[in-house]
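Have a look at the structure below, then the notes.
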Amino acid sequence: MAVFVIADLHLDTVTYEKSMEVFGNRWQGYLEKIRNNWTRVVEDNDTVIIPGDISWALTTEESLPDMKWIDALPGRKLIMKGNHDFWWSTVSKMRKFFAENGITTIDFLYNNAIELDGFIAAGSRGWFVDKTVQPQKSVNADYSKIVNREVIRLRLSLDEAKKLSDASGKE
3 MAVFVIADLH
13 LDTVTYEKSM
23 EVFGNRWQGY
33 LEKIRNNWTR
43 VVEDNDTVII
53 PGDISWALTT
63 EESLPDMKWI
73 DALPGRKLIM
83 KGNHDFWWST
93 VSKMRKFFAE
103 NGITTIDFLY
113 NNAIELDGFI
123 AAGSRGWFVD
133 KTVQPQKSVN
143 ADYSKIVNRE
153 VIRLRLSLDE
163 AKKLSDASGK
173 E
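For the sequence shown, my numbering begins at 3 and goes up steadily by one.
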């Protein structure tokens, strides 16, 4: 089993209203490039961690075509919430939604840890500590509140990783 990580897919597999192709020639056909490279490298027994900015959808329902697109690719996928994942709901609601829609290869790495072959994965969404780094975005965001919330989530994830490690003897 191999583990891969790819972030910032920013999928729009249906409407193409927010296609990444607007960012220049190297983005032309990016969905096909992702699919072709993914299927060339990733096997069914591999795991792919997708740490955020997965879909441009605004609701979980709108994300369905993008989630089905990911689900159809080889491997187990662990997804994390990114700052552009406005479609993200509660994990329990999303698990139910995925089950109702036949999405079987995607799970959530969110306030938890997951044991993989040889190691344990845990994590949290990152955020800018200094709002001057990105003054044009989220100008009204309470950066300290966001960072503090992510610190709590990271602690939850690392506590779960510790429990898994203690139970399995893995570090």
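Cβ atoms here follow ideal geometry from the backbone N, Cα and C, with glycine treated the same way.
Cut-off 6 Å between Cβ atoms - residues of its own chain near residue i, not counting five sequence neighbours on either side
i: R174; result: This structure does not reach residue 174, given that the chain is present from 3 up to 173, and the question cannot be answered.
i: W40; result: L75
i: I105; result: M69 and D73
Nearest-angstrom Cα separation, counted from residue j out to residue i
i: F100; j: F110; result: 11 Å
i: D14; j: G128; result: 23 Å
i: R42; j: K35; result: 10 Å
i: A4; j: R97; result: 24 Å
i: R37; j: I72; result: 9 Å
i: K20; j: G84; result: 16 Å
i: Q30; j: V7; result: 22 Å
i: V44; j: M82; result: 19 Å
i: Y112; j: D144; result: 21 Å
i: I122; j: A163; result: 6 Å
i: A169; j: E117; result: 11 Å
i: I154; j: H12; result: 26 Å
Residue i - containing alpha helix (DSSP H), residue span
i: F99; result: V93 to E102
i: L160; result: Y145 to S170
i: D68; result: L66 to D73
i: R37; result: Y32 to V43
Contact check, residue i vs residue j, beta carbons under 8 Å
i: A115; j: G54; result: no
i: I56; j: D68; result: yes
i: N27; j: L66; result: no
i: A124; j: L160; result: yes
i: L156; j: S126; result: yes
N- and C-terminal bounds of the beta strand (DSSP E) containing residue i
i: M82; result: R78 to M82
Cβ neighbours of residue i in the same chain (closer than 7 Å, five flanking residues each side left out)
i: E64; result: W89
At least three beta-carbon pairs within less than 8 Å, the segment 59-67 to the segment 85-100: yes
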